[in-house]
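Visitor: Residue numbers (the numbering used here), protein chains in the order written: chain W, 1 to 131; chain E, 132 to 489.
Backbone N, C-alpha and C fix where the C-beta goes; we use that ideal spot for every residue, glycine too.
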Amino acid sequence: MNNAISEQHNVPVKTALIIQEDIIMRRILERLVKASGFSVQICSSIDDLALHEQNTEYDLVISDILFDDGISSFDFAFRLGNEISSKLLFIVTKMGQEVIRQNFLNMERVDRFFGIPFDLDELERELIKLV
Amino acid sequence: MQEKDFFIVIGCSFLVLVLLWILIASSIGYRKYREKKQAVIEETFADIVSRHLYGNASEQLSFIEIQRIFRKLGVFRKNPATVQYLINLMIRTQRSLLGRNYKKIGDLYKRIPPYRASFRKTQHRKWYVRAQGIREIYEMNQAGYTAYIAKFRDDPNVYIRREAQIALVVFLGWESLRFLPYLSREIELWQQIKIVEKLHDLYPEPQVQYIRKCYDVEHDFGKSLLMRIIRKFRLEEEVDFIIDMLSHESFEIRETAIYCLSSFQLSPSRLETVKSLFGELENLQQQRQVLALIERSSIIPDVEFYRDILLNNSSDFIKLKVSEVLWKSGYEELVVEYNRSLVELEEAFSLNQNFQEA
Chain W
1 MNNAISEQHN
11 VPVKTALIIQ
21 EDIIMRRILE
31 RLVKASGFSV
41 QICSSIDDLA
51 LHEQNTEYDL
61 VISDILFDDG
71 ISSFDFAFRL
81 GNEISSKLLF
91 IVTKMGQEVI
101 RQNFLNMERV
111 DRFFGIPFDL
121 DELERELIKL
131 V
Chain E
132 MQEKDFFIVI
142 GCSFLVLVLL
152 WILIASSIGY
162 RKYREKKQAV
172 IEETFADIVS
182 RHLYGNASEQ
192 LSFIEIQRIF
202 RKLGVFRKNP
212 ATVQYLINLM
222 IRTQRSLLGR
232 NYKKIGDLYK
242 RIPPYRASFR
252 KTQHRKWYVR
262 AQGIREIYEM
272 NQAGYTAYIA
282 KFRDDPNVYI
292 RREAQIALVV
302 FLGWESLRFL
312 PYLSREIELW
322 QQIKIVEKLH
332 DLYPEPQVQY
342 IRKCYDVEHD
352 FGKSLLMRII
362 RKFRLEEEVD
372 FIIDMLSHES
382 FEIRETAIYC
392 LSSFQLSPSR
402 LETVKSLFGE
412 LENLQQQRQV
422 LALIERSSII
432 PDVEFYRDIL
442 LNNSSDFIKL
452 KVSEVLWKSG
462 YEELVVEYNR
472 SLVELEEAFS
482 LNQNFQEA
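#1: Taking Cβ to Cβ, would you say residue 432/E is nearer than 7 Å to residue 460/E?
#2: Please name the residue, chosen from 365/E, 296/E, 230/E, 204/E, that lies closest to residue 393/E on a Cα-to-Cα basis.
#3: Does any residue of chain E have a CB that is nearer than 7 Å to the CB of residue 78/W?
#4: Shorter than 7 Å from the beta carbon of residue 23/W to some beta carbon of chain E?
#5: Which residue's Cα is closest to the Cα of residue 109/W: 37/W, 122/W, 75/W?
#6: So is residue 219/E in contact with chain W if we call contact Cβ pairs under 7 Å?
#7: Run through chain E and tell me which residues come within less than 9 Å of residue 30/W, C-beta to C-beta.
#8: Strictly below 9 Å CB to CB, what residues from chain W border residue 177/E?
#9: Whose CA, out of 248/E, 253/E, 470/E, 384/E, lies closest to the CA of residue 290/E?
#10: Measuring only between beta-carbons, confirm whether residue 192/E sits less than 7 Å from chain W.
#11: Are any of the Cβ atoms in chain E nearer than 7 Å to that of residue 118/W?
#12: If we count Cβ pairs, one from each stretch, closer than 8 Å, do we get three or more for the region 266–275 of chain E versus the region 225–239 of chain E?
#13: Per DSSP, what kind of secondary structure is residue 381/E in: helix, strand or coil?
#14: Considering residue 278/E, what are the terminal residues of the beta strand (DSSP E) in which it resides?
#15: Can you pull the DSSP bridge partners for residue 41/W?
#16: Whole angstroms is fine: what's the gap from residue 369/E's alpha carbon to residue 356/E's?
#17: Among the candidates 329/E, 324/E, 313/E, 362/E, whose CA atom is the shortest distance from the CA of residue 345/E?
#18: Which bits of chain E does residue 35/W rub up against, with CB to CB less than 9 Å?
#19: Helix or strand or just coil, what does DSSP make of residue 145/E?
#20: Could you confirm whether any beta carbon from chain W is found closer than 7 Å to the beta carbon of residue 227/E?
#21: Please list, in chain order, the chain E residues whose beta carbon lies closer than 9 Å to that of residue 75/W.
#22: With DSSP collapsed to three states, give me the class of residue 481/E.
#23: Between residue 230/E and chain W, is any beta-carbon pair separated by less than 7 Å?
#24: Output the distance between the C-alpha atoms of residue 243/E and residue 116/W, rounded to the nearest integer angstrom.
#25: Three or more C-beta pairs closer than 8 Å, one from the region 74–88 of chain W and one from the region 37–54 of chain W: is that the case here?
#26: At a CB distance below 9 Å, what residues from the region 49–67 of chain W approach chain E? Give them in sequence order.
#27: Mapping DSSP to helix, strand and coil, what is residue 93/W?
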């Protein structure tokens, strides 16, 4: 419905990419972000994305911290920054320890950090602000 | 003859080898089949949960439809491994969420299979299955079982009562503290921390009336738990209870009281109470900790209090600590004066001794 309204007013629909290894969290986030008016692309890792999808500039990327090929969490964040271009980057991860949270938020690239377990309403409020 | 035996041995070995291959192949095949089935269950469950939380009206499924879907996937009583797999998925999801969705998902779990499987586990003859059943019930927020689980809160088996106590905290929140005076078995430190953390995660709004009702609790573990709750929730108005515990006969209780007090900035009147209790502490280490507490909460050092310790306390260790505090606060002359009187005293004492020897 939101998409339709946007099309009617010729406002381009905002795009979001969700990278989550856990399929349950991936699906929940997908529906939440869709319900907030985004056009959503989902995947379980960066490698799953086709080349044209990697070259797209997303309005928002919501990503887990993944350990692809045994790389560290920071290397993953750098890889994310290099390979996916987005206006905003939110992290949603089970690795929500305070030290990791601070380290990620200190990186210029990361805009919000949600450590699981968390209240999805907080994320929803952020999404509403964006739309 | 020998050649025939040789062929029989070769034949048997080959047969064993073939049987082994069949066994390995069937095991790999079964594992792949099971993984595929589990992946389908996981995908279906993810879809149902996401629809329940954020789907629009047309995407919502009725509970009968959900039950039918799971039944088709083989989630029924006679298939305990599949049922357990679904329970694990449900618990994993519940653990990931807080706030409104935590409750919303609990409502979903009430009405879909395998809602009775965990309850049946609580009636199993093995204690670890019973404990697991209780854990599953509270992880899935099935508050309908509160009264039933309350029966296990003081169970002779430590693992069962631990899970039951956590379940009561999850279901009743602050109200669960009313069970505290009636517990007869020790709540270990780790369990106390777990209770406090669970309370903090699920019920962040403190309800002090339930704490106040427990102040007369007789057990030491109950007192420790209350102090930890006051500390975690930073209940300034309840700090007097912790201060009272400084004069408790148990070393561990005093230790917990000092640890919890260290998280608060004490008001002048409370500081006076702590100072009056200082002399009752027999342990040097605890005296040192309380001194640090007093120093941290004092804007201006209480010179009289420190002078009294210098003159009357029997421990050089404590006197040294007090001297350090005074020195750092700019009262060097007091320390020097005390030191001089000490030297004079020593000289008088040695003169007296020499005189007696002569």
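Guide: So, from the listed chains and residues:
#1: Yes, the Cβ-Cβ distance between residue 432/E and residue 460/E is below 7 Å.
#2: The residue with the shortest Cα to Cα distance from residue 393/E is 365/E.
#3: No, residue 78/W does not count as interfacial toward chain E.
#4: By this cut-off, residue 23/W is an interface position.
#5: Measuring from the Cα of residue 109/W, the nearest candidate turns out to be 75/W.
#6: With 7 Å as the cut-off, residue 219/E does not count as an interface residue toward chain W.
#7: For the C-beta of residue 30/W, the chain E residues within less than 9 Å are, from N- to C-terminus, 181, 185.
#8: Chain-ordered, the chain W residues with CB closer than 9 Å to the CB of residue 177/E read 22, 23, 24, 25, 26, 27, 28.
#9: Checking every option, the nearest Cα to that of residue 290/E belongs to 253/E.
#10: False, the Cβ-Cβ gap to chain W never drops below 7 Å.
#11: Closer than 7 Å: yes.
#12: The answer is yes - the region 225–239 of chain E touches the region 266–275 of chain E, with three or more Cβ pairs under 8 Å.
#13: In this structure, residue 381/E counts as coil in the three-state DSSP scheme.
#14: It is not in any beta strand (DSSP E) - residue 278/E instead sits in the alpha helix (DSSP H) that spans 277–281.
#15: In DSSP, residue 41/W forms a bridge with 17/W.
#16: In a straight line, the C-alpha of residue 369/E is about 13 Å away from that of residue 356/E.
#17: The residue among 329/E, 324/E, 313/E, 362/E with its C-alpha nearest the C-alpha of residue 345/E is 313/E.
#18: Under the 9 Å cutoff, chain E gives 185, 186, 187.
#19: Looking at residue 145/E - three-state DSSP - the assignment turns out to be helix.
#20: Yes - at least one Cβ of chain W is within 7 Å of the one on residue 227/E.
#21: Correct list: empty, because the minimum Cβ distance to chain E is about 25 Å.
#22: Taken through DSSP and simplified to helix, strand or coil, residue 481/E comes out as helix.
#23: Flagged as an interface residue toward chain W: residue 230/E, by a C-beta distance shorter than 7 Å.
#24: Cα to Cα, the separation comes out at about 25 Å.
#25: The region 74–88 of chain W, when compared against the region 37–54 of chain W, does touch it at the 8 Å Cβ threshold.
#26: Under the 9 Å Cβ criterion, the region 49–67 of chain W contributes no residue.
#27: Correct three-state label for residue 93/W: strand.
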